[in-house]
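For what it's worth, my numbering labels the leading residue of the sequence shown as 234, then goes sequentially. What follows is a single structure, written as structure tokens, with notes after it.
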Amino acid sequence: MEGKVQQVLDEVTRLPKKTQEAQKLIDYYESNKTRMNYPLYKTIGAGLIGSGAIESAHRTVVQKRLKQSGQRWSRNGAQNMLYLRVTKKNQQWSKIVELTKREFVKNAA
């Protein structure tokens with residue numbers, strides 16, 4: 234249905250007996266149709282559009298580390314840990330190490 238959000242809305246709206254689920258779908262599409270311009274996103278190279286990849290990353294990057302048995306995290310500590318994990322997953326670790334070394338040397342002088 235790429236690029237046919239309004240068509241989907243029209244079809245669902247025309248259903249003879251609207252269930253509660255159908256109305257929820259209509260409300261969702263009405264509220265979000267301006268953000269559903271998938272052909273445009275594809276044209277500009279927006280990459281991943283669905284939430285599946287994001288949900289998978291959340292499981293592997295966030296939950297795998299922060300939800301281990303017996304762990305408690307402050308908000309600041311959790312954000313710092315996630316920053317480090319994302320940096321490593323994005324293969325940017327060596328850049329962070331270099332920046333940290335430079336800051337350490339600069340502050341030591």
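Here a beta-carbon is modelled for each residue, glycine too, at the ideal position from N, C-alpha and C. The model shown is predicted, which means the values in this text are computed figures rather than measured ones.
- Counted as a single uninterrupted DSSP element, the alpha helix (DSSP H) harbouring Ala311 occupies residues Arg308 to Lys322.
- Under the 8 Å Cβ criterion, the stretch 311-330 counts as touching the stretch 279-299, having at least three qualifying pairs.
- A straight line joining the alpha-carbon of Val245 with that of Ser284 spans about 23 Å.
- In this structure, Tyr262 lies near Leu242, with their beta-carbon atoms less than 8 Å apart.
- Contact between Leu299 and Ala311 holds: CB atoms are separated by about 6 Å, below the 8 Å threshold.
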